[in-house]
Structures are given as structure tokens and as C-alpha cells.
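Each remark here refers to the structure printed beneath this line.
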């Protein structure tokens, strides 16, 4: 299901709250088959139906009281956002258990009242059948390269919702990150996860739930919300009533299973990812994984990424063609290939990929925004504005979207519209140095130099090493007829970024303003050197600066001959 935010959601009906039943006995290491046997009956599929279609996710049974069961999942699994950012009340939810039974969701609980809204939800269903309940482990005990297992239901456009088989994959713990804006995601793993597996439980070597999956990244890296965070969250919730959550934070006994000698395609994939900083070794392992299981998608995708980094564009494209055949979510694969094309400066090809991805997922803001950015880089400013406008309708509080649409309006020379978008962007994110600097530049285009100076000052306050902001402030100083300050800022900009041509350009202009033609020539020559390095000898800019230098030298010669 698509990521969401700002949901509400208590349907009328059953309510629960959680206490903890703690277990202190040391926990034995289980075999993979034993972990699978533990995981399968605990894991459920969550089906969502609306007039617009259906969608799927996963979850894990974490508690019961009588005939009422509580399922932990992601918030973004159980709700779609409408244009106002509210929960889509037309979404009808069902639970599909491991034995194929379906039950209507009786109630949903989310935590939107908390700062940094965690991507956590609990849904309730009732059944007279007896289902097992998960045990939470201690996520802080994870060590780097510890093996983990994920169990969930991948979505598939080739199958009717609710008929997909469960997927059980091995992986390993990578790292922990601390980000207050992460919606609770602080554990990083490497494993195989497909669309539809959001909300899937992640198990440690004793079959305890130590995280729930919800975010995917490149090359098999995914993010999970730790069990400790979830259990604390559930205990503090005032929305829930008495129900026991089983928590076992005892240490493992026996040898902790870690990534070692590979045997299967999945093993070779995991070892390949673990040595990504050794590309040749990684490629060998990924190729072996493909030989053992040609229908396993992630080795192709990861190998494509590595090949692209090594400059093997043809090999990368071949791998991505296979990914597109194997990946049920073509929009995700097409978006990844578009980003790869951008790295190769194949912007036209990237737009084609984004366009095809949007045919599969037309209501995806990130695809619209990324295509809009790519159009802007090609100078297709009106197409860029159109894409950002469509994306903003779907995601109206995206500060970057307003900023980049403002940049495209600037390209169209529609400065009032550009300024309006930057005002909105800064209101949404007043800590963005990039936005303040861009508004500074727009203000100068409208001859509002004092306002421009104020904006550049703010950009530099936020980021004192932001070279382009110093260069733009130098232009603002020139507009205010203060060339000495302009020279100082331009020198700071060139010191921070010696490859920034704007800093030498404004420096040259300021030297001209005070009559220091020799230093103006030196600064203009620095600009020409940068243009030569970038292969722009035949550009209009190069020819124009060359002519300016010739004129200045003529003036110097004339002055010397007096």
C-alpha cells in the first residue's frame, strides 16, 4: 500500500489496552524451519477494498482477549489519504489468516496524536477459532549481521487479492539509525521484501518479533520499527483497554546465527549485499544467486545498481529488463530505472520511465515530483510546472514540491508565481536554506534587493557553508551598490566551492564596478577555465566572457598609454 500520513481512526466497537506479561527464561535458538512454523500462523494478510479498487498489506497477531484478536501493522497499510490528508472512510478492511479464513476488521487504532506520527497501527477482529499470539523480543539485543527472518504476503497483480501465498525470507540486521522524523523506523535490515509486505513481522533467531517492516530502499535494504518502541507505544495509549502483550527480552542461548557460508540463492544474495563495498565479489555472489534461482528479482536489481556504478550501462539495463518482467510492482522498478538513467544524464529516457510508471500508479506524488524535476533539468519548465501541480494536489503539504515548482516558474520568467510558491515552501519548512536562497534569487529578478539580501542572510544563518548563498548575496550587494561587500562574499563563496562559476562572475562584476579591471580580468578568466573544464568552449557564455575580457584588456591598455 502507498505510504500515508495524518490519519485518524477509531471505528465504533471493541477497544483494548495492553499490559505486558514478561518472560525471563533464556531463549533457545531455533532452526529456520522452526522459525517458519512459528511465524506462519501468527502472520495475517490485511485486505482493503474501496470503490477505486483493492490493496493489500500484512500484519502479526500480538494479543487476544476472548474471541477478540489484535493485529499489529503499519498505519499506511490500513488507510489511504484523501486530498485533505484524512483517512479514506470508504476503505473496507478484512483480515485473512494463515488458514485462509477472512474476518472483517472491527476497529482500528492509530497514534496520530503523537509528534512525528509513528507508522504503527493496531486492528481488531473477532473469531471463535484459536490463533497463536506473537512474543515480542528485545530489539536492542540485535548485533550487526545477526540473522533475521521476515514473513508476509507479497501483493501480485497476477493474482486476486487474498489468494497470494505467504513469503518467508532470511536476512540480517545492518544498523540502527536515530532520526526523530523517521515515523519510528530506526532499524535497518537486508532481506527480500515485496510490495504488500508492509506490516510484516521480522523475527529473531528464537522466533520473537523484534520489528515490523514498512519501508524499502535500494539493494535489499529495508527499515523496520523496533518491537521495544511498539510495546512502549501500546502501553502508553489511552485508547486501548486491558489485553496482555507477551514480551520476552531474555538473552539467546547457544551460538547466535550470523551471515556465513552461503548455500541457497537467498544466501548468495545476502552475502553479495553484505560486501557491496567490494563490487567484484558482490557481483560474483549476485550472479551465483541468479544461477540458482533465475526468478528471484532482488539479485537482478542489486546487480543492476552495482553495474551502473561501475559504468556498465548495458549490463545494468539488461538486468533491469529482467527486473521489470519479474517485479509485480512495475512502477517501483520503472522509477528505480529512471533514477539510474538520470545518473547517466539520460534525462529523456528517465522521463519515459516515469511516464510509464505513472500509467501503472497515476496517483503517486513522488513519481510526479521526480518527473517534474527531470523536466526542469531539460528546460521543459511548463511540463515541470504541470507535474508539480498535479503532485501538490495529492500531497498538498510538501515544501520541496512548492520550492521546485517555484524554480520552474522562474525558468518560465513568471516571477510572481515563483515568489508565491517559495513563500509557501518556506512557511511549510522554515529551516530550508535552499528555499531562502532561491527566494533571494527570485527577489533580485524583481529588483527587490533588500528583500533578497534578507533572504540570503537567512540562508547563510541556516547553513554557514552554503557557497551559492554567499554568491547570491554578493549579487544582492551589487544591486544595493555595495561592491566591496559583494567582493567579500564572492571570495567566501569561491573558497567554499572553487568550482562555483557564479562566485567568480559576481567578483568580476564587482571589481569592474570599483574600476579594478586587472582583478576583474583575473576573475573572468577563472570563469572561462571552469567552462573549459566542463567542455563549454563553444557556449555563448564562453564567447561572451571572452569578448568581455578583450574589452577590459583594451581599456587597461588605453589607461596605461595615457
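Numbering (full-length UniProt numbering), first residue to last: 1 to 562. Glycine residues also receive a C-beta, built at the ideal position from the N, C-alpha and C atoms.
Asked: Taking 8 Å as the cut-off, is the CB of residue 411 close to at least one heavy atom of the ligand GDP?; Found: Inclusion of the ligand GDP in the displayed structure is not the case, the ligand content being empty and no account of it being possible.
Asked: Assign residue 314 to one of two classes, buried (16 or more other C-beta atoms within 10 Å of its C-beta) or exposed (fewer than that).; Found: exposed
Asked: Could you round the C-beta distance between residue 371 and residue 392 to whole angstroms and report it? I think they count as a contact, below 8 Å.; Found: Contact flag wrong, Cβ pair sits at about 14 Å.
Asked: Assuming contact is defined by CB atoms lying nearer than 9 Å, are residue 438 and residue 407 in contact in what I supplied?; Found: yes
Asked: Is the Cβ-Cβ distance between residue 35 and residue 203 less than 9 Å?; Found: yes
Asked: Pull up the CB-CB distance for residue 96 and residue 45, whole angstroms please, since I reckon it's below 8 Å.; Found: 4 Å
Asked: Pick from 237, 142 and 460: whose alpha carbon is nearest that of residue 174?; Found: 142
Asked: By how many angstroms is the C-alpha of residue 561 removed from the C-alpha of residue 517?; Found: 15 Å
Asked: Could you give the residue range of the beta strand (DSSP E) that holds residue 188?; Found: 187 to 190
Asked: Do residue 331 and residue 360 come within 9 Å of each other at the CB atom, strictly closer than that value?; Found: yes
Asked: Among the residues of its own chain, which have a CB less than 8 Å from the CB of residue 421, if the five just before and after it don't count?; Found: 402, 403, 405, 406 and 409
Asked: Given this structure, state the Cα-to-Cα distance separating residue 533 from residue 499, to the nearest angstrom.; Found: 10 Å
Asked: Pull the bridge partners of residue 216 from the DSSP assignment, please.; Found: 222
Asked: In three-state terms, what does DSSP make of residue 102?; Found: strand
Asked: Starting from the C-beta of residue 541, find all residues in its chain whose C-beta is less than 7 Å away, skip the five residues before and the five after it, and write them out in chain order.; Found: 531
Asked: What is the C-beta distance between residue 161 and residue 195, in whole angstroms, given that I count them as a contact (C-beta under 8 Å)?; Found: That belief does not hold up - the Cβ atoms of residue 161 and residue 195 are roughly 12 Å apart, past 8 Å.
Asked: Using only the alpha-carbon positions, how far apart do residue 129 and residue 64 sit?; Found: 11 Å
Asked: Only counting runs of 3 or more residues, tell me where the beta strand (DSSP E) segments fall wholly within the region 362 to 389, in order along the chain.; Found: none
Asked: With a threshold of 16 other CB atoms inside 10 Å of the CB of residue 336, please say whether the residue is buried or exposed.; Found: buried
Asked: Alpha carbon to alpha carbon, how far is residue 85 from residue 365?; Found: Confidence at residue 85 is low in this model, with a pLDDT of 44, below 50, so the placement of that residue should be treated as unreliable; the coordinate-derived value is given next. Approximately 13 Å, taken between the alpha carbons.
Asked: Thinking just about the alpha-carbon of each residue, which of 99, 78 and 31 is nearest to the one in residue 42?; Found: 99
Asked: Which stretch, first to last residue, makes up the alpha helix (DSSP H) that contains residue 418?; Found: 415 to 428
Asked: Tell me the DSSP secondary structure of residue 276 in three-state form.; Found: coil
Asked: Can residue 56 and residue 48 be called in contact, C-beta distance under 9 Å?; Found: yes
Asked: Given this structure, state the Cα-to-Cα distance separating residue 124 from residue 109, to the nearest angstrom.; Found: 9 Å
Asked: Can you find the residues in the same chain that come closer than 7 Å, C-beta to C-beta, to residue 168, ignoring five residues on each side of it along the sequence?; Found: 36, 39, 149 and 151
Asked: Start and end of the beta strand (DSSP E) containing residue 230?; Found: From DSSP, residue 230 is part of no beta strand (DSSP E) but of the alpha helix (DSSP H) over 227 to 236.
Asked: By the DSSP assignment, the beta strand (DSSP E) with residue 203 in it spans what residues?; Found: 201 to 203
Asked: Looking only at its own chain, which residues have a Cβ that is under 7 Å from the Cβ of residue 509, when we skip the five neighbours before and after it?; Found: 478
Asked: What did DSSP end up calling residue 457 once you bin it into helix, strand or coil?; Found: helix
Asked: In terms of residues, what are the limits of the alpha helix (DSSP H) holding residue 311?; Found: Premise fails: residue 311 is in no alpha helix (DSSP H) and is neither H nor E.
Asked: Check the C-beta distance from residue 571 over to residue 192 and give it rounded, since I have them as a contact under 8 Å.; Found: This structure cannot speak to residue 571, because the chain is shown only from 1 to 562.
Asked: Take the Cβ of residue 374 as the centre, count every other Cβ of all protein chains shown within 10 Å, and call the residue buried at 16 or more, exposed below.; Found: buried
Asked: How should residue 378 be labelled, buried or exposed, when 16 other C-beta atoms within 10 angstroms of its C-beta is the threshold for buried?; Found: exposed
Asked: Taking the straight line between their C-alpha atoms, what separation do you get for residue 83 and residue 363?; Found: At residue 83, the pLDDT of 42 sits below 50, so the modelled position is not reliable; the number obtained from the coordinates is stated separately. Computed Cα separation, rounded: 11 Å.
Asked: Would residue 476 and residue 435 be called neighbours here (beta carbons separated by less than 9 Å)?; Found: no
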